[in-house]
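To start, the structure itself, in structure tokens.
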Amino acid sequence: MTRFVILGLPRSGTTYLQTLLNAHPDIHCRGEMFDPWQIDDDGDKIHDTDALVARDRDPGGFLDRALAGDGLDTVPPVLGVKILFQHDPALFADVVPARPDLRLIHVVRSNKLAQFASMRQVEKTGAWTARADSAPVKVKAGPFWALAECNRLCNQDHLLGVWLAGLPHARLTLEYRDLFAPEISGRLSDFLGSSRRDLSSPLRKQGQNRVIDRFQNAAEIEAHFRDRDLGHWLGPELG
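Under the working numbering, residues 495 to 733 are what the sequence shown spells out, in order.
Laid out in structure tokens, this is it:
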């Protein structure tokens, strides 16, 4: 049996990746089961306080049970969960390092302005995913704050990468744009030891592809980022 963990920062593409993997009949990602506010078992959200306390008191045992298929009607050959940077520190300090058989899929979104804008759009709409066609909202953000948040995201990605580099686990690192490339199905299937299938997600990209178009105050955002040689973050993120 193959067990895996998706790792990344919020709005890096991990949910899109989860839906891609779950399109394979032999693979299942249970999702953010270590969300501080809930246990999100592939959309089945558990808010019971006793269940959350039990999880947080023994994150290693909880992970082992989740990856053994506890609570599932059918246990697939390949089973995983998603862990984000803001989840329980014990996962990074002890739990994952102590389980070198886990296969790790690290998702990175290099365009930090796009990632920042995606977070703000979620805050404005309350929608974490998009399936139906609808016009994406625009957001307004102070340029200094926007840059500070982009810096924070860059630093968190760097720290996560340094931590991963010190682990013996098998690891696949994917850039956000890789998730939309034709070869992604084969790369994922090969890494997880599954038969090759064409994988597709029901989700669609939420934000405008041209990143600067996501901002109400586009002119001042553009000037601020161009002045700091970050103009490459302003254009199309895909394509």
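Using N, Cα and C, we set each Cβ at its ideal position, and we do this for glycine too.
Candidates Asp582, Pro676, Ser695: closest to Thr509 by CA position: Ser695
Within the segment 565-650, ranges of the beta strand (DSSP E) (whole runs, at least 3 residues): 572-578, 597-602
Please tell me whether Leu724 and Thr496 are closer than 8 Å, where the distance is taken between their beta carbons. no
In the DSSP assignment, the alpha helix (DSSP H) including Ile715 goes from what residue to what residue? 712-721
The alpha helix (DSSP H) spanning Val499 covers which residue range? Per DSSP, Val499 belongs to no alpha helix (DSSP H); it is in the beta strand (DSSP E), 496-502.
Could you check what DSSP says for Phe685 in three-state terms: helix, strand or coil? helix
Just the C-alpha distance for Arg551 and Arg720, rounded to the nearest angstrom, thanks. 47 Å
Using DSSP with H/G/I as helix, E/B as strand and the rest coil, what is His518? coil
Within a Cβ cutoff of 7 Å, which residues of the same chain sit near Phe556, ignoring the five residues on either side of it in sequence? Arg549
Out of curiosity, what's the CA-to-CA distance linking Asn703 and Gly655? 26 Å
With a CB to CB cut of under 7 Å and the five nearest residues on each side skipped, what residues in its chain are close to Glu714? Pro637
Under 8 Å by Cβ, that's how I've got Val633 and Gln710 pegged, so tell me the actual separation to the nearest angstrom. 7 Å
Simplified DSSP state of Asp542, which is helix, strand or coil: coil
What is the residue span of the alpha helix (DSSP H) that Asp672 lies within? It is not in any alpha helix (DSSP H) - Asp672 carries neither H nor E in the DSSP assignment.
What's the C-alpha gap between Glu731 and Asp544? 42 Å
Could you check what DSSP says for Phe556 in three-state terms: helix, strand or coil? helix
Residues bridged to Asp535 by DSSP? Asp538
So, under 8 Å CB-CB, Arg524 and Ala611 are touching, yes? Tell me the CB distance rounded to an integer number of Å. That belief does not hold up - the Cβ atoms of Arg524 and Ala611 are roughly 28 Å apart, past 8 Å.
Could you tell me the distance, in whole angstroms, from the CA atom of Pro662 to the CA atom of Pro594? 6 Å
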